[in-house]
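Remarks on the structure that follows.
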Amino acid sequence: MQEYLTFRKMITPVAIQIIFWVGVLGCVIMGLVSIAGGAAARVGGGMMVLTGILMILLGPIAVRIWCEVLIVVFRILDALVEIREKLRG
Numbered sequence: 349m350q351e352y353l354t355f356r357k358m359i360t361p362v363a364i365q366i367i368f369w370v371g372v373l374g375c376v377i378m379g380l381v382s383i384a385g386g387a388a389a390r391v392g393g394g395m396m397v398l399t400g401i402l403m404i405l406l407g408p409i410a411v412r413i414w415c416e417v418l419i420v421v422f423r424i425l426d427a428l429v430e431i432r433e434k435l436r437g
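Sequential numbering of the sequence shown, starting at 349, is according to the numbering used here.
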């Protein structure tokens with residue numbers, strides 16, 4: 349607990365996992381809404397359906413890449429903290 353209160357241990361990597369799943373859920377919901385809207389549209393519906401399908405397929409991949417970049421940044425931070433502690437003795 350002391351590590352969290354003094355900001356020596358980060359809770360952000362756990363939060364990033366939650367953000368990932370919320371982002372995936374958001375992509376799927378938005379994709380389904382786009383598909384439904386395209387199916388009901390009189391004009392331009394095909395493009396909306398295509399956009400929805402792409403959002404469902406590519407959205408989670410984009411969210412995953414973004415979350416992995418954030419996790420790498422925090423792992424670099426953890427490694428630098430370990431190096432600093434080893435140098436201090």
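Note that beta-carbon positions come from the ideal geometry of N, C-alpha and C, so glycine has one too.
Identity of the residue in the options nearest residue i by Cα
i	options	result
A363	L380, L418, G386 and V376	L418
Residue environment, residue i, which counts as buried when at least 16 other CB atoms sit within 10 Å
i	result
M403	buried
V391	exposed
G379	buried
Three-state class that DSSP yields for residue i in the structure shown
i	result
T360	helix
G379	helix
V391	coil
F422	helix
T399	helix
G407	helix
Inter-residue CB distance, residue i and residue j (contact presumed, cutoff 8 angstroms)
i	j	result
A388	V397	Going by Cβ atoms, the distance from A388 to V397 rounds to 10 angstroms, so no, they are not a contact pair.
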